[in-house]
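Each number in our numbering corresponds to the 1-based position in the sequence shown with 16 added.
By construction, the Cβ of each residue, glycine as well, lies at the ideal position given by its N, Cα and C atoms.
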Amino acid sequence: MSLAFHWFLPTYGDSRNLVAGGHGSSMHGDRPATLRYLHQICAAAKDNGFEAVLTPTGLWCEDAWLTTAMLIERTETLKFLVAFRPGLLSPTLAAQMAGTFQRHSQGRLLLNVVTGGEPHEQQAYGDYLDKQARYTRTAEFLDVVRRLWTSKEPVSFAGEHIRVDGAQLNNPPDPIPAVFFGGSSGSAGPVAAKYSDVYLTWGEPLTAVAEKLDWIRGLAAEAGRTLQFGLRIHVISRPTAEQAWAEADRLLEAIDPADIERVQASLARSESEGQRRMLKLHGGNSNRLLIAPNLWAGVGLVRGGAGTALVGSHEEVAQRLIEYADLGIDHFILSGYPHLEEAYWFGEGVLPLLENRGVWKHPNRKSQPASSTPFAAASAQ
Numbered sequence: 017m018s019l020a021f022h023w024f025l026p027t028y029g030d031s032r033n034l035v036a037g038g039h040g041s042s043m044h045g046d047r048p049a050t051l052r053y054l055h056q057i058c059a060a061a062k063d064n065g066f067e068a069v070l071t072p073t074g075l076w077c078e079d080a081w082l083t084t085a086m087l088i089e090r091t092e093t094l095k096f097l098v099a100f101r102p103g104l105l106s107p108t109l110a111a112q113m114a115g116t117f118q119r120h121s122q123g124r125l126l127l128n129v130v131t132g133g134e135p136h137e138q139q140a141y142g143d144y145l146d147k148q149a150r151y152t153r154t155a156e157f158l159d160v161v162r163r164l165w166t167s168k169e170p171v172s173f174a175g176e177h178i179r180v181d182g183a184q185l186n187n188p189p190d191p192i193p194a195v196f197f198g199g200s201s202g203s204a205g206p207v208a209a210k211y212s213d214v215y216l217t218w219g220e221p222l223t224a225v226a227e228k229l230d231w232i233r234g235l236a237a238e239a240g241r242t243l244q245f246g247l248r249i250h251v252i253s254r255p256t257a258e259q260a261w262a263e264a265d266r267l268l269e270a271i272d273p274a275d276i277e278r279v280q281a282s283l284a285r286s287e288s289e290g291q292r293r294m295l296k297l298h299g300g301n302s303n304r305l306l307i308a309p310n311l312w313a314g315v316g317l318v319r320g321g322a323g324t325a326l327v328g329s330h331e332e333v334a335q336r337l338i339e340y341a342d343l344g345i346d347h348f349i350l351s352g353y354p355h356l357e358e359a360y361w362f363g364e365g366v367l368p369l370l371e372n373r374g375v376w377k378h379p380n381r382k383s384q385p386a387s388s389t390p391f392a393a394a395s396a397q
């Protein structure tokens, strides 16, 4: 088993505190997301052994396609997991953009398909379909894209929401980018099972994650497919548990109660089942944030989307990750505040422990024993 670890690009800005907002509400960090800063995060991710960086999509952040295109030239091996929404561009154009990106990056594109769970944000883009119709459109969109990537003949398709006639790519992507897809509703499951390569879920207790993976496995089996699985979660990892929880407490104390009220009110409008599950974990109550061993829901008080973090010593965080891997998780998409510094805390503290246990291998250098790094050595004391 060799797990894949990915990091996150905060294209809305970064901070030493939690950045409030996202998923339909405004979001700004006090450390601007300049290209220079994003390059620093990319370099930190690559040096620490992360394979890719996820770039978000939405009104609350910079455009993912344009941002990552600007970052390609100053990176060499790092991949870009580009999030985009199928309803906002044609499937032929998306398939063509993926081909262009793959050629200019030498095959470093991954795709995160986001159907969209905030109606008010979708409508701001001119998209007025309801939730079920959005998933139907996503399925049609991905059907056309897959056919354009693999067919040598012109593609014509007439669906409920998508129609193309005689579409064909002059240069299809090589390799075909893996499609990451998340969704917890009944409408999302069949689409994920039929069209995704990696099914994504947010960090919940082990039992809840196991149930969701079993659900998708069953749907994929019915479709004659086998998927990989990914977990999107934050991390606060330090040499000792006391240091990690002190950092979590500091982040919590710095939250403005007005931000909690604003963000929770915005997220309550969401049609996303995954967002509903995140909100249910803490119920807006800052006194009930430890929801499982080392699993902290404090991030979700002020941030939409992934709202949980693994908090603990490097050894504890490594153990929790292995427990998720034992459920079948292959990919871990991680983040922390600030993203530059936390890439090093995790990369120098946790990844060597996982490498020493034989579940992960640094993609850019020879293996090193866990005790060779000061962070890992401290966590073993």
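Per DSSP, the bridge partner or partners of residue i
i: residue 30; result: 47
i: residue 21; result: 348
i: residue 2; result: The structure shown does not extend to residue 2, since the chain is modelled only from 17 to 397, so the question has no answer here.
i: residue 183; result: 171
i: residue 231; result: Bridge partners of residue 231: none, in fact.
i: residue 110; result: None; residue 110 has no bridge partner.
i: residue 195; result: 127
i: residue 398; result: Residue 398 falls outside the range modelled here, since the chain spans only 17 to 397, and no answer is possible.
i: residue 207; result: Partner(s): none; residue 207 has no beta bridge.
Backbone secondary structure at residue i - three-state DSSP
i: residue 241; result: coil
i: residue 103; result: helix
i: residue 386; result: Residue placement at residue 386 is flagged as unreliable, the pLDDT there being 46, under the threshold of 50; the coordinate-derived value follows with that caveat. Reduced to three states, the DSSP call for residue 386 is helix.
i: residue 377; result: coil
i: residue 414; result: This structure cannot speak to residue 414, because the chain is shown only from 17 to 397.
i: residue 329; result: strand
i: residue 219; result: coil
i: residue 98; result: strand
i: residue 483; result: Outside the displayed span of the chain (17 to 397) sits residue 483, for which this structure offers no information.
i: residue 71; result: strand
i: residue 115; result: helix
i: residue 136; result: helix
i: residue 279; result: helix
i: residue 177; result: coil
i: residue 396; result: Legend: pLDDT at residue 396 = 40, less than 50; position of this residue unreliable, no value from coordinates given.
i: residue 202; result: coil
Euclidean distance between Cα positions of residue i and residue j
i: residue 169; j: residue 163; result: 9 Å
i: residue 31; j: residue 47; result: 5 Å
i: residue 302; j: residue 295; result: 12 Å
i: residue 286; j: residue 293; result: 11 Å
i: residue 53; j: residue 182; result: 43 Å
i: residue 112; j: residue 22; result: 25 Å
i: residue 313; j: residue 129; result: 25 Å
i: residue 354; j: residue 174; result: 46 Å
i: residue 117; j: residue 258; result: 44 Å
i: residue 315; j: residue 306; result: 11 Å
i: residue 62; j: residue 82; result: 20 Å
i: residue 156; j: residue 193; result: 18 Å
i: residue 203; j: residue 224; result: 18 Å
i: residue 359; j: residue 149; result: 38 Å
i: residue 166; j: residue 154; result: 18 Å
i: residue 146; j: residue 221; result: 30 Å
i: residue 103; j: residue 226; result: 30 Å
i: residue 110; j: residue 242; result: 25 Å
i: residue 77; j: residue 236; result: 32 Å
i: residue 366; j: residue 337; result: 10 Å
i: residue 391; j: residue 28; result: In this prediction, residue 391 scores a pLDDT of 44, lower than 50, which makes its location untrustworthy; the coordinate-derived value is nonetheless stated afterwards. Distance between the alpha carbons of residue 391 and residue 28: 30 Å.
i: residue 69; j: residue 144; result: 30 Å
i: residue 196; j: residue 161; result: 14 Å
i: residue 265; j: residue 280; result: 20 Å
i: residue 238; j: residue 188; result: 29 Å
i: residue 125; j: residue 317; result: 32 Å
i: residue 171; j: residue 340; result: 40 Å
i: residue 180; j: residue 85; result: 27 Å
i: residue 284; j: residue 290; result: 12 Å
Residue i burial status per 10 Å Cβ neighbour count (16 or more: buried)
i: residue 136; result: exposed
i: residue 18; result: exposed
i: residue 34; result: buried
i: residue 72; result: buried
i: residue 330; result: buried
i: residue 288; result: buried
i: residue 138; result: buried
i: residue 123; result: exposed
i: residue 39; result: buried
i: residue 176; result: exposed
i: residue 105; result: exposed
i: residue 400; result: Past the boundaries of the shown model lies residue 400; the chain is included only from 17 to 397, so the question cannot be answered.
i: residue 387; result: Legend: pLDDT at residue 387 = 47, less than 50; position of this residue unreliable, no value from coordinates given.
i: residue 319; result: buried
If contact is defined by three or more beta carbon pairs under 8 Å, each pair taking one atom from either stretch, is the stretch 341 to 356 in contact with the stretch 215 to 232?
yes
Are three or more beta carbon pairs between the stretch 193 to 213 and the stretch 230 to 240 nearer than 8 Å?
yes
Could you tell me whether the stretch 241 to 258 touches the stretch 316 to 334, using the rule of 3 or more Cβ pairs below 8 Å?
yes
Any contact of the stretch 268 to 284 with the stretch 365 to 378, i.e. 3+ C-beta pairs under 8 Å?
no
Do the stretch 56 to 63 and the stretch 82 to 101 make contact, defined as three or more Cβ pairs closer than 8 Å?
yes
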